[in-house]
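Asker: Before we start, here is the structure in question, set down as structure tokens.
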Amino acid sequence: MLRLKNILFAVLILVSTFVIAQENVIKVGFTDALLGNFKLSYERVINDQNSIQFKIGYWQPTMSPFIKEQTITPEAYTLLDTKGGVSTSIEYRFFLGKSRAPQGLYIAPYLRYFNQSGMYSDVIGGDTFDVDARLNTFGLGAQIGYQLVIEEVFTIDFYFFGAGLDKYNLKLKYELQQPQTGFDYNTITDDVSEVFENINYLENKLNHEVNTNNLTSKLPFLFPGFRIGISVGFAF
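Numbering-wise (our numbering), the sequence shown opens with residue 218 and increments by one.
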């Protein structure tokens, strides 16, 4: 009988220790994966009301059944290849009400970085150009969400709405597929600008740098950023 009591006491100690020690959460993005964006998150509880989360991901839009080639291809271009991109973010969560982190309603300011690259072709004046497109994005904002912990192990993180401001830096590098001696890349700058002619805000910010062997067009701009989705994981 005494031995049974000792065993039960040990089990209770282990269970209570496990519950108290739930200061870590590892999650994968569920809705993000449907868009070809595969994300892994690690959340660390700091105290009863706060936690910090780190996220890293890889985005390959052509792997999503919901994103068509036309979605990521400007009208004047032909898509040759997408190289994928890497994203990372950090957020600090403030849990509201009486729930203890990592469960409950929260508000979380965040910082994020994202890059993406692809190869296109563009035909201008009968000449075909390879277009190496590279995009880098820095952003900040805040999101509101609710994280549910089930059976002290499984987690579902609903982030209902997030909004912020993103700084985009787009670089387009034009090179002739068939090099021509003495070709003047100044002759195609107007044609490149026409890619953005329907959006005056972007067209006016486009900056061209002409070199002997290529044309590099840079486009820095600000744009609102949004966040919404579901992540699932486990706590330990």
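We put the CB at the ideal spot given by N, CA and C, even for glycine.
None of these values were measured; they are calculated from a predicted model.
Over the uninterrupted alpha helix (DSSP H) stretch that includes residue 417, give me the two end residues.
Answerer: Element bounds for residue 417: 417 to 420.
Asker: Beta-carbon within less than 6 Å of residue 224's beta-carbon, same chain only, minus the 5 sequence neighbours each way: which residues are those?
Answerer: Residue placement at residue 224 is flagged as unreliable, the pLDDT there being 48, under the threshold of 50; a coordinate-derived value is accordingly withheld.
Asker: Using a Cβ distance threshold of 8 Å, determine whether the segment 331 to 351 contacts the segment 440 to 447, with at least three qualifying pairs required.
Answerer: no
Asker: For residue 309 and chain D, any beta-carbon pair shorter than 7 Å?
Answerer: The chain inventory of the structure shown lacks chain D, comprising one protein chain alone.
Asker: Please work out which residues of its chain come closer than 8 Å, Cβ to Cβ, to residue 423, disregarding the five sequence neighbours upstream and downstream, and give them in chain order.
Answerer: 409, 410, 413, 434, 435 and 436
Asker: So residue 266 packs on residue 312, CB below 8 Å; how close in whole Å?
Answerer: 5 Å
Asker: With burial defined as no fewer than 16 other Cβ atoms inside 10 Å of the residue's Cβ, what is the status of residue 432: buried or exposed?
Answerer: buried
Asker: Go ahead and label residue 378 buried or exposed: buried means 16 or more other beta carbons lie within 10 angstroms of its beta carbon, across all protein chains shown.
Answerer: exposed
Asker: Taking its Cβ as the centre, do 16 or more other Cβ atoms sit within 10 Å of residue 318, making it buried, or is it exposed?
Answerer: Buried is the call here.
Asker: For residue 327, count the other beta carbons within 10 Å of its own beta carbon; 16 or more makes it buried, fewer makes it exposed. Which is it?
Answerer: Buried, since its Cβ has 16 or more Cβ neighbours within 10 Å.
Asker: Below 7 Å CB to CB, which residues in the same chain sit around residue 261 once its five sequence neighbours on both sides are set aside?
Answerer: Shown here for residue 261: same chain residues with a beta carbon closer than 7 Å to its own, the five before and five after excluded, namely 240, 241, 268 and 269 in chain order.
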